[in-house]
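In the working numbering, the protein residues as written are 337 to 602.
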Ligand code: 13P
């Protein structure tokens, strides 16, 4: 069902062809993290929707996904237009179905309020909430069962890269965090080297090419995004890199103009 959020007007095309079309497009995902009040979330949404509307070719070239904080999801969803041109996602979900789990949000609740995707295993959740690969896999399983695309994040720390263990680290994350329910259609892998997040340091095109080729062995034809200080200035070069199927963008996704200019580079 989420699929049709990204393919308005293609409802009568067989699902398989829809998938194929989608796999060829870059995915431009904005992770808003814990930023903004309702007014700024709605202003940002308006800016993005207007920008997408003003460039009808944009959605032929890429899928656009925005992931606001939980509390803004329903209001943002109501402002995405009908049918929504931009896909809505959340930043986490529970590994449990429902019930007495105070403070958590289930994957089914996210689907119910219009989400088509959810980011899982972001390094900030691994760091601040001690999320393990097994927990991330359990969350991804619930996301899939609810019909959501799981955007599963992996990436090494600065010290792991300095020690030359980055491939081992990412291999272990992929082995542990990708659930049995994974298909190329319901899963996106985001490679986010921790040292590049919010630091202004981007991995070199060669680092990205090498790691994405490595991830491709586990990903099959699932999309692989790069994340970490993606900006309008470096987006075009990143998108030219082999096996880079889009970007997961933090800081620059909070400014409609910057986010759209990254999407236009796709
Ligand atoms: P920045 O783009 O701010 O570096 O954040 C990247 C990120 O963590 C996206 O999930």
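A virtual CB, placed ideally from N, CA and C, is assigned to each residue, including glycine.
Which residues mark the beginning and the end of the beta strand (DSSP E) in which residue i is found?
i	result
residue 523	523-527
residue 414	From DSSP, residue 414 is part of no beta strand (DSSP E) but of the alpha helix (DSSP H) over 409-414.
residue 425	423-426
residue 453	453-456
residue 561	559-563
Would you list the one or two residues that DSSP bridges to residue i?
i	result
residue 398	362
residue 490	527
residue 403	367
residue 485	453
Indicate whether at least one CB of chain C lies closer than 9 Å to the CB of residue i.
i	result
residue 404	As a matter of chain content, chain C is missing from the structure shown, which is built from one protein chain.
Would residue i and residue j qualify as a contact pair, given that the criterion is a beta-carbon distance under 9 Å?
i	j	result
residue 512	residue 533	no
residue 397	residue 555	no
residue 437	residue 430	yes
residue 548	residue 521	no
residue 389	residue 458	no
residue 451	residue 491	no
residue 476	residue 486	yes
residue 527	residue 561	yes
residue 407	residue 384	no
residue 551	residue 506	yes
residue 403	residue 443	no
residue 363	residue 508	no
residue 415	residue 382	yes
residue 369	residue 432	no
residue 374	residue 413	no
Grab the span of the alpha helix (DSSP H) containing residue i for me, first residue to last.
i	result
residue 505	502-513
residue 585	No alpha helix (DSSP H) holds residue 585; the beta strand (DSSP E) holding it covers 582-585.
residue 477	469-481
residue 374	374-390
residue 590	Note, residue 590: premise wrong, no alpha helix (DSSP H); not H, not E.
residue 579	Premise fails: residue 579 is in no alpha helix (DSSP H) and is neither H nor E.
residue 440	Segment: none, residue 440 is in no alpha helix (DSSP H) and carries neither H nor E.
residue 463	459-464
residue 551	541-555
Report whether the distance from the Cβ of residue i to the nearest heavy atom of ligand 1 is below 8 Å.
i	result
residue 400	no
residue 542	no
residue 564	yes
residue 367	yes
residue 569	no
residue 528	yes
residue 534	yes
residue 495	no
residue 588	yes
residue 455	yes
residue 429	no
residue 585	yes
residue 489	yes
I want to check one thing, is the minimum distance from the CB of residue i to the heavy atoms of ligand 3 below 8 Å?
i	result
residue 458	Ligand 3 is not part of the structure shown, which contains ligand 1 as its ligands.
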